[in-house]
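These notes concern the structure reproduced below.
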Amino acid sequence: MIRKISLLLCGVVVGAGLSSTFTYAPWTGTNLSIGNANAATSDTFRHINLFGDVFERVRKEYVEEPTDKDLIAAALNGMLTSLDPHSSYLSPESFEEMAVETSGEFGGLGIQVTMENGLVKVISPIDDTPAHAAGVLADDLITHLDGEAVRGLNLTEAVDRMRGKVGTKITLTIVRKEVEQPIKIDITREIIKISSVRSKALDDIGYVRITQFNGQAFDGLKNAIAKLEKEIGSDKLKGFVLDLRSNPGGQLDQSIAISDTFLDQGEIVSTRGRNKDEVKRYYARAGDLTKGLPVIVLINGGSASASEIVAGALSDHDRATLIGSKSFGKGSVQTIIPLGNNGAIRLTTARYYTPSGTSIQAKGIVPDIFIKQELPDDLKDRFPQTSQTEANLRGHLENTDKASGAKKEAQKDGNKDAESDLKKDEAKKTDAPKADTKDAKDPKEAYSPSYVPPEVEKDTQLQYALKLMRGEESNEAFPAKKMASK
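full-length UniProt numbering puts the first residue of the sequence shown at 1, with every later residue one more than the last.
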């Protein structure tokens, strides 16, 4: 049996520009027997016959001879993409790349690269990797890989050639500034882990940014918290800012574990499929790794799927204050079904719900405090002037959730906190002084570019969060209700 891989939640999928929540499942085949006499009279069989007729006509009469493989792949993808924006067929190459992205590790060299004038330019070697140990430097230009010219390859092709089986060698030919002759460097590939967690001590506040919920995210968060506690000192640490802005999502188990990091108990998320009895609930375990310190979560229009699960769980449990702008609104679950050597299909199989029983599908999560992030003048033409959300995607699933229905369903399914969560005082969601209301009737849903400045001092949303936590600003939404009662 083809193995089951259960991934859920990759918001704005890398390379596709869309968010998705996904799980892996085995391929069990089909119950349709084409040779069955009963099936022969069914509508399903007649439609399959129609497909076969069209397929044969295209094979024989199209102006240029197509390959059967390409026709079938396109047909599969067309069938799946017609369902919603997040269902699709993954070619073997795309499936392999997705597996690398979600696992967070691969066999490679450990360098961040880009293309410049047809050559591969090193942005930076990653610390403690083969490339770093071999002496590869930032701004090096890679001209050849194992003696073959890089010029003519695109970035993806070049990266694919640098990746490979652990223990195998590759020779890089490098042109370096102020060095007359090209340099040849032999490097042995090792396991490279993609770090999706970055942290820094901002005086007395711990700042943690998660860029993607890959397989390394939870461990990265645990290490970041321990590092910040040691660096700042547990007696001086005022709290944590968890930055989920422009985080497209990732694996469900990672979003659950990261939510659990800040919670002692209660439901984190539930998923519901086509049938009403297809409900799965995920709960927090005892033990808050942040020891109950105040938490602020930053979100924006690029925060999708797994990011929204974490933000929704911490908000519903009054564990964190949300600051920024409304999230993307991706509230569905995709199951990845491997097809042996033929790639995989990504199929939407469920919706997910926050602990209060609320679906954020095509709605998003509204922050407690809206802060608009201004754009530098040189970037204003590169960002859309209106929100790009799940609701803007053609063919998106509608949000069928009704508050009263969600409440009854949550209570019926045994979520004891549902009623109090659903009665949460919406008045606590307020506008900070810099709120911009011109783009929405509700000021908390106003538009803000999904831009995260690299400089802390220019980051309006982060700066407000820091001032709030230090008591330099005040807002009724902070500390979160649960914190305020302590």
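The beta-carbon is built from N, C-alpha and C at its ideal position, and this holds for glycine as well.
Kindly indicate which residue of the options has the alpha-carbon position closest to the one of residue i.
| i | options | result |
| --- | --- | --- |
| V310 | I268, S325, G331 | I268 |
| G152 | L119, T114, E178 | L119 |
| R176 | T67, T290, I142, M98 | I142 |
| K169 | M98, A73, P130 | P130 |
| A73 | K60, P92, I187 | P92 |
| I296 | G287, V241, G312, E157 | V241 |
| S332 | G135, D277, D186, E398 | E398 |
| T321 | A480, E96, K60 | A480 |
| F370 | Y353, T173, L298, I337 | L298 |
| I174 | I256, A138, A201, T156 | A138 |
| P355 | E148, L314, L172, N392 | L314 |
| M469 | L202, A217, L172 | L202 |
| P454 | G329, G110, D243 | D243 |
| A158 | T188, K121, I185 | K121 |
| G364 | K69, G301, G107 | G301 |
| A217 | H47, E116, R274, S307 | S307 |
| P182 | G147, V208, Q461 | G147 |
Would you decide whether residue i is buried or exposed? Buried here means 16 or more other CB atoms lie within 10 Å of its CB.
| i | result |
| --- | --- |
| E101 | buried |
| A477 | buried |
| S474 | exposed |
| D377 | exposed |
| Q361 | buried |
| R272 | buried |
| Q212 | buried |
| N341 | exposed |
| T282 | Residue 282 is actually Tyr in this sequence, not Thr. Buried: at least 16 other Cβ atoms inside 10 Å. |
| P85 | buried |
| G108 | buried |
For residue i, which residues in the same chain have their Cβ closer than 6 Å to its Cβ, ignoring the five residues on either side in sequence?
| i | result |
| --- | --- |
| L347 | S87, T335 |
| G471 | none |
So, at 7 Å on beta carbons, what are the nonlocal neighbours of residue i in its own chain, with the 5 sequence-adjacent residues on each side left out?
| i | result |
| --- | --- |
| R161 | L145 |
| D260 | I268, A284, R285 |
| D316 | T354, P355, S356, D421 |
Please confirm whether residue i has its beta-carbon closer than 7 Å to some beta-carbon of chain D.
| i | result |
| --- | --- |
| I183 | Considering every chain present, this structure includes no chain D. It has just one protein chain. |
Can you name, in chain order, every residue of its own chain whose Cβ lies under 8 Å from the Cβ of residue i, other than the five neighbours on each side?
| i | result |
| --- | --- |
| L237 | D204, I205, G206, L228, E229, L293 |
| S214 | It should be pointed out that residue 214 corresponds to Asn in this sequence rather than to Ser. If we look at N214 and ignore the five residues flanking it on each side, its Cβ neighbours are E101, T102, S103, G104, I194, S196, G250, Q251, Q254. |
| G220 | S195, S196, V197, I210 |
| D288 | T261, F262, L263, D264 |
| K467 | E473 |
| R189 | G107, G108, L109, P130, R163, G164, K165, V166, G167, T168, K169, I170 |
Which two residues bound the contiguous beta strand (DSSP E) that contains residue i?
| i | result |
| --- | --- |
| V456 | Where V456 is concerned, there is no enclosing beta strand (DSSP E), given that its DSSP letter is neither H nor E. |
| residue 542 | The structure shown does not extend to residue 542, since the chain is modelled only from 1 to 486, so the question has no answer here. |
| A201 | 197–202 |
| E190 | 190–193 |
Provide the residue span of the alpha helix (DSSP H) that contains residue i, from first to last.
| i | result |
| --- | --- |
| F159 | According to the sequence shown, residue 159 is Val rather than Phe. Residues 155–162. |
| P130 | 130–134 |
Taking 6 Å as the cut-off, is the beta-carbon of residue i closer than that to any non-hydrogen atom of the ligand SAH?
| i | result |
| --- | --- |
| G78 | The model on display carries no ligand, and the ligand SAH is accordingly not part of it. |
* To do: Could I get the ranges of all uninterrupted alpha helix (DSSP H) runs contained in the stretch 48–121, with 4 residues as the minimum, in chain order?
  => 68–81, 92–103
* Which runs of the beta strand (DSSP E) spanning at least 3 residues fall entirely within the stretch 254–321, listed in chain order? -> 267–272, 279–283, 295–299
* Runs of beta strand (DSSP E) wholly within the stretch 346–401 (minimum 3 residues, chain order) -> You should have found no qualifying run.
* Asked: Which residue spans inside the stretch 214–255 form an unbroken alpha helix (DSSP H) run of at least 4?
  -> 217–232
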